[in-house]
Amino acid sequence: MCAEENPRFIVDLNCGKLAKWLRMLGYDTTLFDHRDDKYLIRTALSENRIILTRDTQLMRRRVITTGIIKALFICRDNSLEQIRQVITDLGLDSAFIPFSLCLECNLPLVKVSREDVKDRVPSYVYQTQTQYVECLNCRRVYWQGTHWQAMVKKLDGLGK
Ligand SMILES: [Zn+2]
């Protein structure tokens, strides 16, 4: 189904947790945070994004049933099962590029030196981690810590 090499997504609020998972996997993902479906449709169309939604009404829209906009109906409740569905149904490559996008802002992360983040990360992190990246928008600092490893572990063995 997914012909594009680097598909982009717009995630409906009813399955919003998918946004962080997709960003973690390195996929450019917009979170739909507007009440009007027209905005969702317009963004998907103008930015060539695949819609991920749990809204059956939305799936019945002509622009979607005719295939002008790609959309995937998310059937599971659990966010981990949801991301598994997306990976499987769209044939995504789950060999993600770590630290490429900010999980909150969906913007590219840049490398920063350990010294630069010294005062901004817990000292145990500073002691044990050598590689850091930062989001220039929200100034969040990311490193390969336990939270990251837990997310990776959950996805392990997927989408092969
Ligand atoms: Zn950010």
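Going by my numbering, the first residue of the sequence shown is number 2, and it counts up by one from there.
We treat Cβ as the ideally placed atom computed from N, Cα and C, and that holds for glycine.
Note that the structure is predicted; figures quoted are calculated from it, not measured.
Which stretch, first to last residue, makes up the beta strand (DSSP E) that contains Arg77?
Unbroken run through Arg77: none, as it is neither H nor E.
Below 8 Å, how does it come out for the region 86 to 96 and the region 58 to 69: are there three or more Cβ pairs, yes or no?
They do not touch, by the three-pair rule.
To the nearest angstrom, how far is it from the Cα of Arg63 to the Cα of Ile42?
Their Cα atoms are separated by approximately 11 Å.
Who are the Cβ neighbours of Arg9 in its own chain at under 6 Å, not counting the five residues just before and after it?
Taken in chain order, the residues that qualify are Asp29 and Arg50.
Rounded C-beta distance between Val134 and Leu110? I'm assuming under 8 Å.
With 8 Å as the limit, Val134 and Leu110 qualify as a contact, their Cβ atoms being about 4 Å apart.
Measuring straight from C-alpha to C-alpha, what distance separates Lys119 and Asn79?
The alpha-carbon atoms of Lys119 and Asn79 are separated by roughly 36 Å.
Output needed for Asn15: all residues of its chain with C-beta closer than 7 Å, excluding positions within five of it in sequence on either side, in chain order.
Thr54, Arg55 and Asp56, listed in sequence order.
Please enumerate, following chain order, all residues with a beta carbon closer than 7 Å to at least one heavy atom belonging to ligand 1.
Spelled out in chain order, the answer is Cys103, Glu105, Cys106, Leu108, Cys136, Asn138, Cys139 and Arg141.
Between which two residues does the beta strand (DSSP E) harbouring Tyr133 extend?
First-last of the beta strand (DSSP E) with Tyr133: Tyr133 to Glu135.
Quick one: what does DSSP say Val122 is sitting in, helix, strand or coil?
The answer is coil: DSSP assigns Val122 none of H, G, I, E or B.
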